[in-house]
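Quick notes on the structure that follows.
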Amino acid sequence: MEIKIVKIVTGETVIGTKVLDYLEDVALIQVIPSSGSIQLAILPYGFPFEEKIGGKISVDKIVYEFEDVPEDIKNKYLEAKSDIKISSTIPGSDLDFNLIK
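If you read the sequence shown in this note's numbering, its first letter stands for residue 20, the second for the next number, and so on.
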């Protein structure tokens with residue numbers, strides 16, 4: 020599973036899982052300015068008409084691919100996509116679980 024952040028021909032920045040010649044489970048990344056910083060929102064691409072992350076975008080619609088996807092953004096994307104909270108550790112334990120390879 021290869022998670023990519025890309026800019027598409029519409030000018031939007033999206034995140035999705037790359038599969039062959041398309042991105043699947045596409046979500047829109049929206050930048051929200053706040054006092055002194057910015058925040059990122061990960062929304063279903065079809066929001067507000069769709070509540071779940073899904074859909075496909077062909078790679079021929081991609082105009083730019085970001086080199087690296089930060090782990091925290093990957094985790095938030097996977098949480099939004101699956102409704103499962105991702106934790107890298109179990110409280111009170113020395114075990115470290117890396118859920119994303």
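No residue lacks a Cβ here, since even glycine has one placed at the ideal position from N, Cα and C. Note that the structure is a prediction, hence the values are computed from the model and not measured.
Item                                                                                                                               : Value
Counting along the chain, where does the beta strand (DSSP E) carrying Asp44 start and finish?                                     : Tyr41 to Ser53
Inspect the CB distances between the region 69–86 and the region 52–59 and report whether three or more fall short of 8 angstroms. : no
Using DSSP bridges, identify the partner residues of Ser77.                                                                        : Tyr41
When the Cα atoms are used, what is the spatial distance from Lys37 to Ile57?                                                      : 27 angstroms
Hey, how far is the Cα of Val33 from the Cα of Leu39?                                                                              : 17 angstroms
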